[in-house]
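Chemist: I'd like to ask some things about the structure below.
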Ligand code: NAD
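Residue numbers (the numbering used here): 208 to 462.
Below, the structure written as structure tokens:
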């Protein structure tokens, strides 16, 4: 059981494991290869420069697959926690799927982008937009009105994750840090536990929930080895949020 008291500020980081029971494969379950290519070799700016059609075929398949998936009890449990804690809960996901939103979560930060959004490759004035389009082999890539090609709004290997200022502000001011279904191998998320609670004067209480012990287990006070969908619905005992807490101040700035 994770106790959350009436003044706690809770940071939840989710990874591919939370969506595994919904049918979206984790990195490892993906078996490393897509048409003989590693995802690491197709999800890069270099791959886009070389052959954007292949990149879009990869993401088109991810879109087709994700469209059939539904949130599982772990996503629903976090949506329920948001209803109880309001602004005292910050959910940051490494996932590009939209299962948190489908479950009813309203304020999820997607640090690696969103599968069902696209944007101009030139990062022109147009912001990322909702997009479910899928491309067939050899099909022309759509263009922005500025002339740039439309690319997936996904953070590729070698690119900077999104919203790091907001993420570190919430991290450094949280009192409870929870990671769900993340191997602890992919940075910067693997090091978030180190920063949790840095500005509060006391270390955050840090918990991990996942199918196996993560690589970064030393940073957690307790690891619950279990499937997220089976454990999360019964894991939290949260005191209701009567007064939304004031926004924490950003006391230090490292980036
Ligand atoms: P990862 O694939 O490296 O690790 C997944 C972790 O989830 C593993 O530690 C595994 O033990 C655990 N797990 C598997 N089934 C679980 C379950 N039912 N309940 C709880 N835990 C379970 O994922 P990562 O650490 O998130 O890093 C990989 C990168 O690839 C991230 O950027 C990730 O978001 C991205 N990715 C995203 C998706 C998605 O959007 N759903 C899918 C695959 C990969």
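The C-beta atom is built at its ideal place from N, Cα and C for all residues, glycine as well.
Rounded to whole angstroms, what's the CA-CA distance from residue 335 to residue 350? Just pull it up for me.
Modeler: Here the question's residue 335 lines up with position 128 in the chain shown. Here the question's residue 350 lines up with position 143 in the chain shown. In a straight line, the C-alpha of residue 335 is about 13 angstroms away from that of residue 350.
Chemist: Using only Cβ atoms and a threshold of 5 angstroms, which residues come within that distance of a heavy atom of the ligand NAD? Order them by chain position.
Modeler: Residues flagged by the Cβ proximity filter: 222, 223, 224, 226, 227, 228, 231, 233, 234, 301, 302, 303, 304, 319, 388, 389, 390, 393, 417, 418, 419, 434, 435.
Chemist: Within 10 Å of its beta-carbon, does residue 404 have 16 or more other beta-carbons around it, so buried, or fewer, so exposed?
Modeler: Sequence index remark: in the chain shown, residue 404 carries index 197 (1-based). Answer is buried; the Cβ neighbour count reaches 16.
Chemist: Out of 446, 355, 293, 297, state which residue places its alpha-carbon closest to the alpha-carbon of residue 378.
Modeler: Within the chain shown, the letter at position 171 stands for residue 378. When only C-alpha atoms are compared, the closest one is 297.
Chemist: Does the stretch 350-364 come close enough to the stretch 381-392 to have 3 or more Cβ pairs within less than 8 angstroms?
Modeler: At 8 angstroms Cβ cutoff, the stretches do not touch.
Chemist: Here's a check: name, in chain order, each residue in its chain whose Cβ is nearer than 8 angstroms to the Cβ of residue 402, leaving out the five neighbours to either side.
Modeler: On the chain shown, position 195 is the one that residue 402 refers to. Closer than 8 angstroms at Cβ, skipping near neighbours: 375, 378, 379.
Chemist: With respect to the alpha helix (DSSP H) encompassing residue 225, which residues constitute its N-terminal and C-terminal limits?
Modeler: Counted from its first residue, the chain shown places residue 225 at position 18. Looking at the DSSP string, the run of the alpha helix (DSSP H) that includes residue 225 is 223-227.
Chemist: Runs of 3 residues minimum, wholly inside the stretch 296-352: which ones carry the beta strand (DSSP E) assignment?
Modeler: Counting only runs of 3 or more, we get 296-300, 315-317, 320-327.
Chemist: In whole angstroms, what separates the C-alpha of residue 371 from that of residue 318?
Modeler: In the chain shown, residue 371 corresponds to position 164, counting from 1. In the chain shown, residue 318 corresponds to position 111, counting from 1. C-alpha separation (whole angstroms): 7 angstroms.
Chemist: Tell me whether the stretch 244-261 and the stretch 335-347 touch, counting them as touching only if at least three CB pairs, one residue from each stretch, are closer than 8 angstroms.
Modeler: A contact exists between the stretch 244-261 and the stretch 335-347.
Chemist: Per DSSP, residue 241 is paired with what?
Modeler: As a first step, residue 241 is located in the chain shown; it is residue number 34 there, counting from the start. 244.
Chemist: Ignore the nearest five residues each way along the sequence and tell me which others in residue 331's own chain have a CB closer than 7 angstroms to its CB.
Modeler: Position 124 of the chain shown, counted from the start, is the residue given in the question as residue 331. Closer than 7 angstroms at Cβ, skipping near neighbours: 351, 353, 355.
Chemist: Give me, in chain order, the residues of the same chain whose beta-carbon lies closer than 8 angstroms to that of residue 373; leave out the 5 immediate sequence neighbours on both sides.
Modeler: Taking the chain shown and counting its residues from 1, one reaches residue 373 at position 166. Same-chain partners within the cutoff: 316.
Chemist: Whole-angstrom Cβ separation of residue 209 and residue 414, contact assumed at under 8 angstroms?
Modeler: Here residue 209 refers to the residue found at position 2 when the chain shown is read from its first residue. Here residue 414 refers to the residue found at position 207 when the chain shown is read from its first residue. Indeed, because the Cβ distance is near 6 angstroms, the residues count as touching under 8 angstroms.
Chemist: Tell me the start and end of each unbroken beta strand (DSSP E) in the stretch 374-415 that is at least 3 residues and wholly inside, in chain order.
Modeler: If we require 3 residues or more, the beta strand (DSSP E) runs fully inside the stretch 374-415 come out as 383-387.
Chemist: Just list the residues that DSSP pairs residue 417 with in beta bridges.
Modeler: The count along the chain shown starts at 1 and reaches residue 417 at position 210. Bridge partners of residue 417: 432.
Chemist: Less than 7 angstroms between C-beta atoms, sequence neighbours within five positions excluded: which residues of the same chain meet that for residue 411?
Modeler: As a first step, residue 411 must be located in the chain shown, where it is residue number 204. Cβ neighbours of residue 411 beyond the five flanking positions: 381, 382, 383, 384, 403, 404.
Chemist: Would you kindly report the start and end of the unbroken beta strand (DSSP E) that includes residue 358?
Modeler: Translated into the one-based positions of the chain shown, residue 358 becomes position 151. 357-361 is the extent of the beta strand (DSSP E) around residue 358.
Chemist: Rounded to whole angstroms, what is the Cα-Cα separation between residue 253 and residue 312?
Modeler: The sequence position of residue 253 within the chain shown is 46, counting from 1. The sequence position of residue 312 within the chain shown is 105, counting from 1. Going by the C-alpha atoms only, they are around 34 angstroms apart.
Chemist: What does the alpha-carbon distance come out to for the pair residue 291 and residue 285?
Modeler: Locating residue 291 in the chain shown gives position 84, counting from the first residue. Locating residue 285 in the chain shown gives position 78, counting from the first residue. Answer to the nearest angstrom: the Cα atoms are 10 angstroms apart.
Chemist: For residue 445, which of helix, strand or coil comes out of DSSP?
Modeler: Walking along the chain shown from the start, residue 445 turns up at place 238. In the structure shown, residue 445 sits in a strand (DSSP, three-state: E or B).
Chemist: Is residue 370 helix, strand or coil by DSSP?
Modeler: For the purposes of this step, residue 370 is taken as the residue at position 163 of the chain shown. In the structure shown, residue 370 sits in coil (DSSP, three-state: anything other than H, G, I, E or B).
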